[in-house]
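Only one structure is covered here, and it is reproduced in the block below.
Below you can see the structure in the form of structure tokens.
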């Protein structure tokens, strides 16, 4: 995978809205201004919104081609070093007809976002580039109070000061969808409540396994199946599969069916391990574990396939920034997840 250049003070970062247009709505535009001020003041970046990024929900819903144009133009622009997604949504897949993969391939640069942005990460993967799962404008870069120390550390160690290797720590604090602070200017100085985090948990597996990390939000995968973006079982071979669940609070039955679908495609037998994000709801912590053990360990007959659970990626608070397409190691004995190469160059 091609890696982009790391960020340096003075670099330009472009904001895009590739799914929901919430960032441009009057009640939420303060999130854009907060992120812009913080990224410029604290990190020395130049922040610009692409021409359609702030046009609001209705316009962007009606014009997926405009959303795609912003992405293409941001990648074409040699002065832009990073592209930060505003937020997720539910229809990024509508951009697919308008994507020029040669433009992505020939202009490697940092791209961040999560949730529905999973679709864009698979686009960038198809083009042969690394991308960075996490780091959305409306959630992470404009967190009320300040960017929390866990996310800030990940931002620094992946995009600004990449490490030769980095054993990614579990956060010592957490909170859930039920603890959110509503997006409202009146809440600018309110911070998200914090509770002790239990850390990573190994559900099954022994030894050490390594491979490139690929995946995202499971709620989105169904829109990928059967498209040109979805890897074949052969293309999944040797990879570590990243799975995390959204704020939609999917039930254990749905997760069961999803994993059975991966098994039926041959994906579970192709991969070397699974990295599972912390569920967004505390009442799903135990039921999801049972699903993974039952479907992967018993139904698929893969009780030795390592599954590292409760990783700080996705929709539970706080989240890190996980480079996709790069080599990681799951050490089952130590219960660790290590990025084996620098995230950027």
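Residue numbers (the numbering used here): 22 to 366.
Each residue gets a CB set at the ideal place from its N, CA and C atoms; glycine is no exception.
Values in this document were obtained by computation on a predicted structure and should not be read as measured data.
The region 48-62 contacting the region 89-97, beta-carbon criterion three pairs below 8 Å | Cβ pair count under 8 Å is below three, so no.
Neighbourhood of residue 228 by C-beta, 7 Å cutoff - its chain only, sequence neighbours within 5 removed = Hits under 7 Å: 353.
Following the continuous alpha helix (DSSP H) through residue 331, name the residue where it begins and the one where it ends.
-> Unbroken run through residue 331 is the beta strand (DSSP E), 328-332; no alpha helix (DSSP H).
Boundaries of the beta strand (DSSP E) in which residue 105 is found, first to last residue = Under the DSSP assignment, residue 105 falls in the beta strand (DSSP E) whose first and last residues are 101-106.
Check whether the Cβ atoms of residue 102 and residue 157 lie closer than 9 Å to each other.
-> Result no, Cβ atoms of residue 102 and residue 157 do not sit closer than 9 Å.
Residue nearest to residue 357 in terms of C-alpha spacing, selected from 140, 349 and 46 = Minimum Cα distance to residue 357 is reached at 349.
From the DSSP output, in three-state form, read off residue 187 for me.
-> In the structure shown, residue 187 adopts extended strand secondary structure according to DSSP, grouped into three states.
Alpha carbon to alpha carbon, how far is residue 194 from residue 220? Give it in angstroms, no decimals.
-> Near 9 Å, if we compare the C-alpha coordinates of residue 194 and residue 220.
Taking DSSP as the reference, what is the three-state secondary structure of residue 154?
-> Assignment of residue 154 by DSSP, reduced to helix, strand and coil, places it in the strand class.
Exposed or buried, what is residue 142 when buried is set at 16 or more other beta-carbons lying within 10 Å of its beta-carbon?
-> When all chains shown are included, residue 142 counts as buried.
Exposed or buried, which one is residue 164 when buried takes at least 16 other CB atoms within 10 Å?
-> So residue 164 counts as buried.
DSSP three-state assignment for residue 64, whether helix, strand or coil | Judged by DSSP in its simplified three-state form, residue 64 adopts helix.
By how many angstroms is the C-alpha of residue 355 removed from the C-alpha of residue 46?
-> Approximately 46 Å, taken between the alpha carbons.
Continuous beta strand (DSSP E) assignments of at least 3 residues falling wholly in the region 249-307 = Those beta strand (DSSP E) runs which fall completely within the region 249-307 and span 3+ residues are 261-265 and 294-298.
Rounded C-alpha distance that separates residue 145 from residue 62 | Rounded to whole angstroms, the separation of the alpha carbons of residue 62 and residue 145 is 29 Å.
If you scan the region 77-142 from start to end, which runs of the alpha helix (DSSP H) of 4 or more residues do you find wholly inside it?
-> Here the runs fully enclosed are 77-83, 85-97 and 122-127.
Could you give the DSSP three-state label for residue 194: helix, strand or coil?
-> Residue 194: strand per DSSP, three-state reduction.
Sheet register partners of residue 344 (DSSP bridge) | DSSP lists 153 as partners of residue 344.
Please classify residue 202: does DSSP put it in a helix, a strand, or coil?
-> Three-state result, residue 202: coil.
State the beta-bridge partners of residue 34 as determined by DSSP.
-> Beta-bridge partners of residue 34 (DSSP): 68 and 103.
Return yes when the Cβ of residue 320 is within less than 9 Å of the Cβ of residue 281, no when it is not.
-> In contact: residue 281 and residue 320 (Cβ atoms closer than 9 Å).
Determine the direct distance from the alpha carbon of residue 297 to that of residue 234, and round the result to whole angstroms.
-> Cα-Cα distance, rounded: 12 Å.
Which of helix, strand or coil DSSP assigns to residue 55 | The answer is helix: DSSP assigns residue 55 an H, G or I state.
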